[in-house]
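Take a look at the structure below.
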Amino acid sequence: MTAPIRRYIPDLPALPRTRLGISAPARAVVPLIRRPVAAAYRLALALLATGAVLVETLLGSPSRVLSYFAIQSAVLLAVVMLTSARRAWLARHPLPGAVTGATLLYVTMAALAHHVLLADTTPRLAMADGPAGPAWLEPLAAHTLHTVLPVAALLDWLLLSPPARTHLRQAATWLLYPLAYLAFTLARGELLPGSPIRYLYPFLDVVRHGYKNVLANALILGLACYALAVLLVALDHARPNPLRRRPSKTGFRL
Numbered sequence: 143m144t145a146p147i148r149r150y151i152p153d154l155p156a157l158p159r160t161r162l163g164i165s166a167p168a169r170a171v172v173p174l175i176r177r178p179v180a181a182a183y184r185l186a187l188a189l190l191a192t193g194a195v196l197v198e199t200l201l202g203s204p205s206r207v208l209s210y211f212a213i214q215s216a217v218l219l220a221v222v223m224l225t226s227a228r229r230a231w232l233a234r235h236p237l238p239g240a241v242t243g244a245t246l247l248y249v250t251m252a253a254l255a256h257h258v259l260l261a262d263t264t265p266r267l268a269m270a271d272g273p274a275g276p277a278w279l280e281p282l283a284a285h286t287l288h289t290v291l292p293v294a295a296l297l298d299w300l301l302l303s304p305p306a307r308t309h310l311r312q313a314a315t316w317l318l319y320p321l322a323y324l325a326f327t328l329a330r331g332e333l334l335p336g337s338p339i340r341y342l343y344p345f346l347d348v349v350r351h352g353y354k355n356v357l358a359n360a361l362i363l364g365l366a367c368y369a370l371a372v373l374l375v376a377l378d379h380a381r382p383n384p385l386r387r388r389p390s391k392t393g394f395r396l
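In this text, residue positions in the sequence shown follow this note's numbering: the first is 143, and each later residue adds one.
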């Protein structure tokens, strides 16, 4: 008699170590599958981010618009989503969790800073203030950048990405880009004396608040960014795996 076929075949373990001390993970011997739904969603998200950035750039000064943190994070999101869409379509391994986690952190932080600190300012802070185009076009692009893109990126991370691929030590590394951006925006302000747009964000305006208050504001934002990064890492390890498939009736995973 032959042994009955098991209803469920568990994940393959890592290959045993060789004399050279090299081991291969299970994913190296398990074939990947194409994910057309994830590829289509990420391609649409990349096109949406690209369109919003193009609208803001065409309606205003490109050098000024591209200097905003929200615009730069949207450009990064478009590149990451386009690359992820290609990998999902071609059945390749996803991008490292450190890359996707950092991208989500930046677009989310830009959105929170806008809604908490800038949404109720008078006059309304606009990244592009050119007269060209319909009056509703720039607010629509701003709404896409600060609300639609962060929510869509979060849904992709929760529903279409494998979990537990980030580490707590990466939270501090993710702060390097915000620190570099702070140095960039302060240096930009010093290089544009007398310009009404020398400082892009009111809470980083050295002329109005002085360096002491600006650095205090930056410290608070930095701590908030780090807390959000830690929260994302904790959520990444607590959420279920949306890509795990139940065993089929034949005993094999689909």
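Positions of the beta carbon are idealized from the N, C-alpha and C atoms, including for glycine.
Note that the structure is a prediction, hence the values are computed from the model and not measured.
| Asked | Found |
| --- | --- |
| Does the distance from the CB of Met269 to the CB of Glu198 come in under 7 Å? | yes |
| Counting C-beta neighbours from all protein chains within 10 Å, is the total for Leu287 16 or more, i.e. buried, or is it exposed? | buried |
| Look at Ala181 and Ala230 and say whether their C-beta atoms are less than 7 Å apart. | yes |
| If you measure between the beta carbons of Gly239 and Arg311, is that distance less than 7 Å? | no |
| Please name the residue in Ala360, Leu201, Leu357 whose C-alpha comes closest to that of Pro276. | Leu201 |
| Is the number of C-beta pairs between the stretch 376-387 and the stretch 341-349 that are closer than 8 Å three or more? | no |
| Looking only at its chain, what residues have a beta carbon closer than 6 Å to the beta carbon of Tyr398, apart from the 5 residues adjacent to it on each side? | Here the chain has residues from 143 to 396 only, and residue 398 is not among them. |
| What number of angstroms, rounded off, separates the C-alpha of Arg177 from the C-alpha of Ala371? | 28 Å |
| Quick check on Ala268: does DSSP put it in helix, strand or coil? | coil |
| Please report the Cβ distance between Val222 and Val241, rounded to the nearest whole angstrom; I am assuming they are in contact, meaning their Cβ atoms lie under 8 Å. | 6 Å |
| Consult DSSP for Val233 and reduce its assignment to one of helix, strand or coil. | Checking the sequence, you will find Ala at residue 233 rather than Val. Three-state result, Ala233: coil. |
| How big is the Cα-Cα spacing for Val348 and Leu357? | 9 Å |
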